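Colleague:
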Amino acid sequence: MGFSMLGATCEKDHYDLGTDVDHILREMSLPRHFRPRQHAAVWHSPLHSWRDHLMASLSACESNPIPSVYFRADDIGAGGRAFRALCQIFRSHGVPLALSVVPAWLSDVRGKQLFEAAPLEEPLWGWHQHGWRHVNWERSGKKSEFGEQRPLEKQWKDIWQGQNKMRGIFNDHLVNVFTPPWNRLSNSTLRILQELGFEGVSLEKVFPRGLRPPLSLKNLRVTVDLHTRKARDAQQDFFDISDELTGSLSKREPVGVMLHHQRMTYFAFEYLDELLRILRTTLKAQFLSFKDILHQENDEQACSSLR
Ligand SMILES: [Zn+2]
Numbered sequence: 000m001g002f003s004m005l006g007a008t009c010e011k012d013h014y015d016l017g018t019d020v021d022h023i024l025r026e027m028s029l030p031r032h033f034r035p036r037q038h039a040a041v042w043h044s045p046l047h048s049w050r051d052h053l054m055a056s057l058s059a060c061e062s063n064p065i066p067s068v069y070f071r072a073d074d075i076g077a078g079g080r081a082f083r084a085l086c087q088i089f090r091s092h093g094v095p096l097a098l099s100v101v102p103a104w105l106s107d108v109r110g111k112q113l114f115e116a117a118p119l120e121e122p123l124w125g126w127h128q129h130g131w132r133h134v135n136w137e138r139s140g141k142k143s144e145f146g147e148q149r150p151l152e153k154q155w156k157d158i159w160q161g162q163n164k165m166r167g168i169f170n171d172h173l174v175n176v177f178t179p180p181w182n183r184l185s186n187s188t189l190r191i192l193q194e195l196g197f198e199g200v201s202l203e204k205v206f207p208r209g210l211r212p213p214l215s216l217k218n219l220r221v222t223v224d225l226h227t228r229k230a231r232d233a234q235q236d237f238f239d240i241s242d243e244l245t246g247s248l249s250k251r252e253p254v255g256v257m258l259h260h261q262r263m264t265y266f267a268f269e270y271l272d273e274l275l276r277i278l279r280t281t282l283k284a285q286f287l288s289f290k291d292i293l294h295q296e297n298d299e300q301a302c303s304s305l306r
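Following numbering that gives the first Met the number 0, the numbering of the sequence shown begins with 0 at its first residue and continues without gaps.
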């Protein structure tokens, strides 16, 4: 694949000027009315003049310092049109994407499908571990695979076997970060991850205060959720997303955005493409890979680490 699918004569233009997302989606046989069964109300159909609205909100951040932004796509385990489209959009912008893989979902066939869309040798893809089986073990309360109700030795075994499977498939390309399903884990899970040699976790919240002794793990936080939103009022939610983006872009920390390709409609793909274009060209954002963040010296700038 690569750029050749966009047509040899316009390769460079596509790269410089942003992609033709309609072309990509057509190539992937995703029609305009494409909507997976589960999708947030906001992505059901495009809001009138949505590009203008988005541009107007984000361009308000032009006077801020140059933002750092990273993207994390969850629930990766097989190929398919939506996954291919997601990867192609990031490739066309030259923006890295952290891919959060559920180890138990992987098979040889599925691995091949993934690598057709996101070849291992391409540096854009931040392959890392997303739990073990993505199941909820909590009998009550919020869903979690690594919550307080899951015995520690079972948590240890799940993470360990997931890590082994991931190492066997991704080798040197594996990034030492753990994203827990539903962005939740117990304090003890953090200890296990550290013991197993992880360098970072990717959560929604900051680490709980007062963990002793302190951890060396970094927290590569995601603060903007595009696709698993629960709001019913599509128009209001569209503006809420803009507010969340501008709010995050106005802070000193890098902005982490969470994606779920299984829930992306045609409009959600168009929006993502436009968001990447505005971040890249109008805000001149610096795009970080998970590897970049792990290797940044200054925790304060890299991510919200334990304080
Ligand atoms: Zn997940």
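Note that CB positions come from ideal geometry on N, CA and C, so glycine has one too.
Keep in mind it's a predicted model, so treat the numbers as computed, not measured.
Could you give the distance in angstroms between the alpha-carbon of Phe82 and the alpha-carbon of Ile23?
Modeller: C-alpha separation (whole angstroms): 12 Å.
Colleague: What distance in whole Å lies between the Cβ atoms of Ile88 and Leu307, which are believed to be in contact at a cut-off of 8 Å?
Modeller: Not covered by the structure: residue 307. The range shown for the chain is 0 to 306.
Colleague: Does Asp224 come out as helix, strand or coil in the three-state DSSP assignment?
Modeller: Strand.
Colleague: In whole angstroms, what is the alpha-carbon distance linking Leu29 and Ala233?
Modeller: The alpha-carbon atoms of Leu29 and Ala233 are separated by roughly 22 Å.
Colleague: If you draw a straight line from the alpha carbon of His92 to that of Leu151, how long is it in whole angstroms?
Modeller: Approximately 42 Å between the Cα atoms of the pair.
Colleague: When a residue counts only if its C-beta is closer than 6 Å to some heavy atom of ligand 1, which residues count, in chain order?
Modeller: Selection output, chain order preserved: Asp73, Asp74, His129, His133, Pro180.
Colleague: Using three-state DSSP, classify Ile65 as helix, strand or coil.
Modeller: Three-state result, Ile65: coil.
Colleague: Between the C-alpha atoms of Phe145 and Tyr69, what's the straight-line distance to the nearest angstrom?
Modeller: Phe145 and Tyr69: Cα-Cα distance of roughly 25 Å.
Colleague: Would you decide whether His226 is buried or exposed? Buried here means 16 or more other CB atoms lie within 10 Å of its CB.
Modeller: Label assigned to His226: buried.
Colleague: Considering only the alpha carbon of each residue, which of Gln261, Leu46, Gln193, Phe289 lies closest to Ala77?
Modeller: Ranking the options by Cα distance to Ala77, first place goes to Gln261.
Colleague: Report, in whole angstroms, the separation of the C-beta atoms of Asn63 and Ser215, which I expect to be a contact under 8 Å.
Modeller: With a Cβ gap of about 31 Å, Asn63 and Ser215 do not count as contacting.
Colleague: If you count every other CB in all the chains shown that lies within 10 Å of the CB of Gln235, and 16 or more means buried, which is it?
Modeller: Counting Cβ neighbours within 10 Å, Gln235 comes out exposed, since fewer than 16 surround it.
Colleague: Who pairs with Ser99 in a beta bridge, going by DSSP?
Modeller: According to DSSP, Ser99 bridges with His127.
Colleague: DSSP on Asp232, reduced to helix/strand/coil?
Modeller: In the structure shown, Asp232 sits in coil (DSSP, three-state: anything other than H, G, I, E or B).
Colleague: Provide the residue span of the alpha helix (DSSP H) that contains Met54, from first to last.
Modeller: Per DSSP, Met54 belongs to the alpha helix (DSSP H) from 49-58.
Colleague: What does DSSP give as the partner residues of Leu258 in its beta bridges?
Modeller: According to DSSP, which records beta bridges pairwise, Leu258 is partnered with Ala72.
Colleague: From the DSSP output, which residues share a beta bridge with Asp218?
Modeller: This sequence places Asn at residue 218; Asp is not what is there. Beta-bridge pairing links Asn218 to Val200.
Colleague: Taking just the CA atoms, how far does Val134 sit from Val94?
Modeller: Going by the C-alpha atoms only, they are around 30 Å apart.
Colleague: Report the CB separation of Met165 from Val100 in whole angstroms; it is logged as a contact under 8 Å.
Modeller: The pair is a contact, with the Cβ atoms about 7 Å apart (cut-off 8 Å).
Colleague: Quickly, what does DSSP pair Phe286 with across the bridge? List them, please.
Modeller: DSSP, once it has assigned bridges, lists Val68 as partnering Phe286.
Colleague: Residues in its own chain within less than 6 Å of Val256 by CB, not counting five upstream and five downstream?
Modeller: Excluding positions up to five away in sequence, the list reads Phe70, Val223.
Colleague: I believe His127 touches Thr264 by the beta-carbon criterion, under 8 Å. Please report the beta-carbon distance rounded to the nearest angstrom.
Modeller: Actually they are not in contact, since the Cβ atoms of His127 and Thr264 sit about 26 Å apart, beyond 8 Å.
Colleague: Could you check whether Ser201 and Leu184 sit closer than 7 Å to each other, using their CB atoms as the reference points?
Modeller: The answer is no: Cβ separation not under 7 Å.
Colleague: Taking C-beta to C-beta, are Leu57 and Ile191 nearer than 7 Å?
Modeller: No, these two residues do not count as a Cβ contact at 7 Å.
Colleague: Output the boundary residues of the alpha helix (DSSP H) element that contains Val20.
Modeller: Start and end: 20-26.
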